[in-house]
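Worksheet: the structure to be examined is printed underneath.
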Amino acid sequence: MTEIFKTLHVQFQRAILATGAIPALGTLFIVGTLMYIRDGIIIYLTLGIFGLLATIEVYYRHGKAVLEARSNIRGPDRIFLEFVNKGFNHKILKEFEYQGFIFRTHGFEEMEVAVTATGPYCPRCKGQLAERRRIKYLFFPEITLRCVCGFCTTSDRTRGEILQDVRDIMCAIFDEKEKPHIG
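In my numbering, the protein residues as written are 2 to 184.
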């Protein structure tokens with residue numbers, strides 16, 4: 002009996018390496034359930050339930066890892082920080098709204114060109130928004146943005162992703178202004 006379990010363990014490990022944990026555990030759930038229906042032995046049902054719970058656990062952990070990776074895309078704008086450290090005077094150039102949030106473009110008094118954007122800020126009081134991330138209903142991320150004034154909204158995107166969109170749009174506008182017009 003021990004040899005059978007060792008052989009099954011080795012085969013299961015090979016299946017995980019070949020296809021991944023989720024298909025292997027899903028197969029375990031299906032096989033266990035079908036064997037229970039056919040034979041009526043409770044150990045097969047236990048095997049099926051184990052496969053189902055393990056599959057859900059792997060999905061949940063994967064969702065948390067993806068959400069954590071999504072929230073870490075926001076980083077400091079190195080060019081802006083380098084200029085500030087060299088003695089340039091920082092200046093807020095423009096404040097604008099995008100997707101219901103306030104954003105600010107920043108430049109320098111010596112050079113009034115938008116170098117970076119910051120945000121999102123609260124549309125009510127223009128304060129900094131705090132972000133809360135969690136996995137809801139097993140697989141779906143819920144991102145809540147809150148302000149101290151009481152403003153609260155949910156989003157499917159993190160602050161970093163929204164800010165990255167704004168920076169990309171800002172760069173596209175800047176690139177269009179700098180292109181030579183032909184004709």
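Quick reminder that beta carbons are idealized off the backbone N, C-alpha and C, glycines included.
{"Asked": "C-beta contact flag for residue 154 and residue 146 at 8 Å", "Found": "yes"}
{"Asked": "Close Cβ partners of residue 86 (< 6 Å) along its chain, the five nearest in sequence each way excluded", "Found": "none"}
{"Asked": "Residue 116 to residue 88 span [Cα, whole Å]", "Found": "15 Å"}
{"Asked": "Cβ-Cβ distance between residue 52 and residue 26 below 8 Å", "Found": "yes"}
{"Asked": "Separation of residue 70 from residue 60, as counted between CA atoms", "Found": "15 Å"}
{"Asked": "Run of the beta strand (DSSP E) containing residue 92, from where it starts to where it stops", "Found": "91-99"}
{"Asked": "Neighbour-count burial assignment, residue 151, 16 or more Cβ in a 10 Å radius", "Found": "exposed"}
{"Asked": "The beta strand (DSSP E) enclosing residue 142, as first and last residue numbers", "Found": "141-147"}
{"Asked": "Simplified DSSP assignment, three categories, for residue 34", "Found": "helix"}
{"Asked": "Inter-residue spacing [alpha-carbon to alpha-carbon] between residue 158 and residue 44", "Found": "43 Å"}
{"Asked": "Bridge partners - residue 136, DSSP secondary structure assignment", "Found": "142"}
{"Asked": "Span separating the alpha-carbon of residue 15 from that of residue 21", "Found": "9 Å"}
{"Asked": "First through last residue of the alpha helix (DSSP H) which encompasses residue 42", "Found": "That residue, residue 42, is in no alpha helix (DSSP H); it is neither H nor E in DSSP."}
{"Asked": "Cross-strand partners of residue 117 (DSSP beta bridge)", "Found": "107"}
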